[in-house]
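Asks:
Chains as they are written, first to last, in our numbering: chain A, 34 to 433; chain U, 3 to 265.
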């Protein structure tokens, strides 16, 4: 049967008009070109910031794979990002490797370290997992990051950029490009069997196992993917600063990374990217903004300016947990639904909130309940008319 | 008729509590076998031993001639042993369709890696999987609920979704844990039709824990009665109904009362 890829509709009752398609395509195009034009329009400072935001977004997506998809917490992510950064610096400056090789090496090192943690973490859950990852991160900090031959000790490890990426604008494009690829990877993960298996295992390992899903293997896979992405981000970070120091990867940042993923909205790609970017830029931009305040009161001194950002972060976390457990991703839901070809607002009676009886009554009678009495022999269903009516996926809507 | 499931001497003990004390059970191909017994008799624990969720201290489970006693749960599932759950195995936050798609895991037909990279084979196979999932939904009359979140649906529909997931793994044997619980008598009657159709047309073998007596009498070819972790009686449903031990241990004063209570 020829595959017909129509625009998926979120609800069967909602049909997308031709102009609707055009508007959505235009919106997508506009968003994409805005992101691509950003580094061109920005100055050096802002290009550095764009790079950092993109790097944080990759880290956020890395945490999203582990915590959002697989339901495993990691308070030791600084170990993966850090090892990636040092591995990348080591490959370029000590081994004389190419930058492209270094970034792959960084990803693989992060993945290997995450696999190691995963093997331990498979046996513990909840609070104990949090403790294990916390201890893991702190141990990595005090051992690997202090290994002078590898990290250069207090002087730091040099991570020069290749000639092509010397300018901050070029580097911003690189970071955005990597972010784009990571987004694609996460999209394919969610839409393929691995992502579904990981969600199933998160929901209930035993149930997953009776569906033939190797729970251990898929949990480990989540760790490995997360570690790989963290390693990639580490490499980007290394060549962003060009000198990597162990204090860049202390426990504080690991906490911030979990926080930004939660505020962004676990399970929501766009939410996590926005949340991560926000938390990357907040400590840089906020002091500048506060300094602009005319007649700034005395107590808002130079030192205070740098306390406001973490304070704001903590407040946002509280707000998220209490009011919007789905984070920024929850706020983006109407946009997401609209872009997927559904209506912007979901009205009552459109099937979503309507009781199933009412919903089925408005549909074709042949699909109604008595089908179970005399089950018709399964025959190939005529799917051309609505090839993909079920894409109104709720994966990203999950609120935990 | 070939023996599909052969269980010998399953003993399960939690600390000092003997849950199962040497249970023997046979299920022949294309049969529906009922497993009944009072609450706490060890029926669900027995299912958990069969699927490898519990590791019994003694006993052997043979499936299609292979000793599967030492295999992990997912390996047993891959050999064709599927089950449903008393408290449902659905992911409540996903839609009915997504749940069934998840249950098609074994038949994905592409590697994790090609799925992550979005290679053409994985995309092609995904389209086939979606069609397969639609077929299963149609078969159980679940299509009207395909895009609904499972958690928003009635218990009866959720149970159907659970059954759809078990069927999606294309099993040789299906273990059903109280398939009719939470259903109205009419729904339970319909379920009987579905189960018979599964046996007769799809050549499935079914072992089911069930309390609804009319359903057991109506569809089962053979019945095992479990009491305090031991097989109390076996036989055709009609014999079991008259068996004095069963009447004493399980059915109480009479069949009518039990069937009323469970309806």
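For each residue, glycine too, the CB sits at the ideal point set by N, CA and C.
By DSSP's criteria, residue 122 (chain A) is part of a beta bridge. Which residues make up the other side?
Replies: Translated into positions along the first chain, residue 122 (chain A) becomes position 89. Note: residue 122 (chain A) sits in no beta bridge, so no partner.
Asks: Please look up how many angstroms separate the CB atoms of residue 260 (chain A) and residue 143 (chain A), rounded, as I've assumed it's under 8 angstroms.
Replies: Here the question's residue 260 (chain A) lines up with position 227 in the first chain. Here the question's residue 143 (chain A) lines up with position 110 in the first chain. Confirmed, Cβ separation roughly 4 angstroms.
Asks: So what's residue 57 (chain U) in DSSP terms, helix, strand or just coil?
Replies: The sequence position of residue 57 (chain U) within the second chain is 55, counting from 1. Residue state, collapsed to three classes: coil.
Asks: What is the rounded straight-line gap between the Cα of residue 112 (chain A) and the Cα of residue 215 (chain U)?
Replies: Within the first chain, residue 112 (chain A) is the residue found at index 79, counting from 1. Within the second chain, residue 215 (chain U) is the residue found at index 213, counting from 1. C-alpha separation (whole angstroms): 59 angstroms.
Asks: Quick check: what's the CA-CA separation for residue 114 (chain A) versus residue 72 (chain U)?
Replies: Position 81 of the first chain holds residue 114 (chain A). Position 70 of the second chain holds residue 72 (chain U). Distance between the alpha carbons of residue 114 (chain A) and residue 72 (chain U) is about 40 angstroms.
Asks: Could you give the C-beta distance for residue 40 (chain U) and residue 250 (chain U), rounded to a whole number, given that I count them as a contact under 8 angstroms?
Replies: Against the second chain, residue 40 (chain U) aligns to sequence position 38. Against the second chain, residue 250 (chain U) aligns to sequence position 248. The pair is not a contact, with the Cβ atoms about 11 angstroms apart (cut-off 8 angstroms).
Asks: Based on DSSP bridge pairs, tell me the residues matched to residue 68 (chain U).
Replies: Position 66 of the second chain, counted from the start, is the residue given in the question as residue 68 (chain U). For residue 68 (chain U), which the question treats as bridged, DSSP gives the partners U:65.
Asks: Go to residue 76 (chain A), then tell me how far its beta strand (DSSP E) extends in each direction, as first and last residue.
Replies: If you number the first chain from 1, residue 76 (chain A) lands on position 43. Counting along the chain, residue 76 (chain A) falls outside any beta strand (DSSP E), and DSSP gives it neither H nor E.
Asks: Would a C-beta distance cut-off of 9 angstroms place residue 201 (chain U) and residue 221 (chain U) closer than the cut-off?
Replies: The residue labelled residue 201 (chain U) in the question sits at position 199 within the second chain. The residue labelled residue 221 (chain U) in the question sits at position 219 within the second chain. Yes, these two residues count as a Cβ contact at 9 angstroms.
Asks: Run through DSSP, which three-state label would residue 185 (chain A) get?
Replies: Within the first chain, numbered from 1, the residue matching residue 185 (chain A) stands at position 152. In this structure, residue 185 (chain A) counts as coil in the three-state DSSP scheme.
Asks: Can you pull the DSSP bridge partners for residue 16 (chain U)?
Replies: Taking the second chain and counting its residues from 1, the one referred to as residue 16 (chain U) is at position 14. According to DSSP, residue 16 (chain U) bridges with U:19.
Asks: Going by DSSP, name the residue or residues bridged to residue 89 (chain A).
Replies: Taking the first chain and counting its residues from 1, the one referred to as residue 89 (chain A) is at position 56. The partner list for residue 89 (chain A) (beta bridge, DSSP) is empty, contrary to what the question assumes.
Asks: Taking Cβ positions only, does residue 66 (chain A) come closer than 9 angstroms to chain U?
Replies: To locate residue 66 (chain A), count along the first chain from 1; it is residue 33. Cβ-Cβ to chain U under 9 angstroms: no for residue 66 (chain A).
Asks: For residue 98 (chain A) and residue 189 (chain A), which I take to be in contact (beta-carbon distance under 8 angstroms), what is that distance rounded to the nearest angstrom?
Replies: Within the first chain, the letter at position 65 stands for residue 98 (chain A). Within the first chain, the letter at position 156 stands for residue 189 (chain A). Contact flag wrong, Cβ pair sits at about 29 angstroms.
Asks: List the residues that DSSP assigns as beta-bridge partners of residue 10 (chain U).
Replies: If you number the second chain from 1, residue 10 (chain U) lands on position 8. In DSSP, residue 10 (chain U) forms a bridge with U:62.
Asks: Would residue 100 (chain A) and residue 299 (chain A) be called neighbours here (beta carbons separated by less than 9 angstroms)?
Replies: Locating residue 100 (chain A) in the first chain gives position 67, counting from the first residue. Locating residue 299 (chain A) in the first chain gives position 266, counting from the first residue. Their beta carbons are under 9 angstroms apart, which means residue 100 (chain A) touches residue 299 (chain A) by this criterion.
Asks: Going by DSSP, what residues sit across from residue 232 (chain U) in a beta bridge?
Replies: In the second chain, the residue the question calls residue 232 (chain U) occupies position 230. Per the DSSP secondary-structure output, residue 232 (chain U) pairs in a beta bridge with U:229.
Asks: How close, in whole Å, do the beta carbons of residue 178 (chain A) and residue 279 (chain A) come, if the pair is a contact with beta carbons under 8 angstroms?
Replies: In the first chain, residue 178 (chain A) corresponds to position 145, counting from 1. In the first chain, residue 279 (chain A) corresponds to position 246, counting from 1. Sure, about 4 angstroms apart at Cβ, within 8 angstroms.
Asks: With a cut-off of 8 angstroms on the beta carbons, I'd call residue 323 (chain U) and residue 243 (chain A) a contact; round off their distance for me.
Replies: Any property of residue 323 (chain U) remains undetermined from this structure, which presents chain U solely from 3 to 265.
Asks: Using a Cβ cut-off of 7 angstroms, pull out every chain A residue sitting near residue 53 (chain U), in sequence order please.
Replies: The residue you call residue 53 (chain U) lines up with position 51 of the second chain. Within chain A, the C-beta atoms nearer than 7 angstroms to that of residue 53 (chain U) come from 243, in chain order.
Asks: Show which residues of chain A have a CB atom less than 9 angstroms away from the CB atom of residue 128 (chain U).
Replies: Counted from its first residue, the second chain places residue 128 (chain U) at position 126. In chain order: 224, 225, 226.
Asks: Determine contact between the stretch 303-321 of chain A and the stretch 113-128 of chain A, defined as no fewer than three beta-carbon pairs at a distance below 8 angstroms.
Replies: no
Asks: Measure from the alpha carbon of residue 153 (chain U) to the alpha carbon of each residue in U:206, U:210, U:239, U:89, then state which is nearest.
Replies: As a first step, residue 153 (chain U) must be located in the second chain, where it is residue number 151. The option with the nearest alpha carbon to residue 153 (chain U) is U:89.
Asks: Unbroken alpha helix (DSSP H) runs of length 4 or more, entirely within the stretch 260-335 of chain A: which are they?
Replies: Annotation: the stretch 260-335 of chain A contains the following complete segments of the alpha helix (DSSP H) (minimum length 4 residues), in chain order: 284-297, 302-324.
Asks: Kindly say whether residue 302 (chain A), judged by its beta-carbon, lies nearer than 9 angstroms to any beta-carbon of chain U.
Replies: Looking up residue 302 (chain A) in the first chain gives position 269. No, residue 302 (chain A) does not count as interfacial toward chain U.
Asks: Quick one: any contact between the stretch 205-225 of chain A and the stretch 284-292 of chain A, if contact means 3 or more CB pairs under 8 angstroms?
Replies: No, because fewer than three Cβ pairs between the stretch 205-225 of chain A and the stretch 284-292 of chain A fall closer than 8 angstroms, the two stretches do not touch.
Asks: Distance check for residue 347 (chain A) and residue 131 (chain U), CA to CA, integer angstroms please.
Replies: What you label residue 131 (chain U) is simply residue 129 of the second chain in a count that begins at 1. What you label residue 347 (chain A) is simply residue 314 of the first chain in a count that begins at 1. Between residue 131 (chain U) and residue 347 (chain A), the C-alpha separation is close to 44 angstroms.
Asks: Could you tell me whether the Cβ atoms of residue 1 (chain U) and residue 9 (chain U) are closer together than 9 angstroms?
Replies: Residue coverage of chain U in this structure runs from 3 to 265, which leaves residue 1 (chain U) outside it and unanswerable.
Asks: How many Å lie between residue 76 (chain U) and residue 80 (chain A) at the Cα?
Replies: Start at 1 with the first residue of the second chain, and residue 76 (chain U) comes out as number 74. Start at 1 with the first residue of the first chain, and residue 80 (chain A) comes out as number 47. In a straight line, the C-alpha of residue 76 (chain U) is about 49 angstroms away from that of residue 80 (chain A).
Asks: Within 9 angstroms of any Cβ in chain A, is that where the Cβ of residue 157 (chain U) sits?
Replies: As a first step, residue 157 (chain U) must be located in the second chain, where it is residue number 155. Not an interface residue.
Asks: Based on Cα-Cα distance, which residue from U:210, U:174, U:217 lies nearest to residue 266 (chain U)?
Replies: Nothing can be reported for residue 266 (chain U): it is not among the residues displayed for chain U, which extend from 3 to 265.
Asks: Does the stretch 33-50 of chain U touch the stretch 220-234 of chain U, meaning 3 or more C-beta pairs lie closer than 8 angstroms?
Replies: Yes, the stretch 220-234 of chain U is in contact with the stretch 33-50 of chain U.
Asks: Quick one: what's residue 151 (chain U) bridged to in DSSP?
Replies: Along the second chain, one-based indexing puts residue 151 (chain U) at 149. According to DSSP, residue 151 (chain U) bridges with U:97.
Asks: Take residue 247 (chain U) and list the residues in its own chain whose beta-carbon comes closer than 6 angstroms to its own, dropping the five residues that flank it on each side.
Replies: Position 245 of the second chain, counted from the first residue, corresponds to residue 247 (chain U). Once the five neighbours on either side are set aside, the close Cβ partners of residue 247 (chain U) are 234, 235.
Asks: Output yes or no for whether 9 angstroms exceeds the beta carbon distance between residue 55 (chain U) and residue 207 (chain U).
Replies: Reading the second chain from its first residue, position 53 is the one you call residue 55 (chain U). Reading the second chain from its first residue, position 205 is the one you call residue 207 (chain U). In this structure, residue 55 (chain U) lies away from residue 207 (chain U), with their beta-carbon atoms at least 9 angstroms apart.
Asks: Nearest by alpha-carbon distance to residue 235 (chain A): which of U:5, U:85, U:66, U:93 is it?
Replies: Position 202 of the first chain, counted from the first residue, corresponds to residue 235 (chain A). Ranking U:5, U:85, U:66, U:93 by Cα distance to residue 235 (chain A) puts U:93 first.
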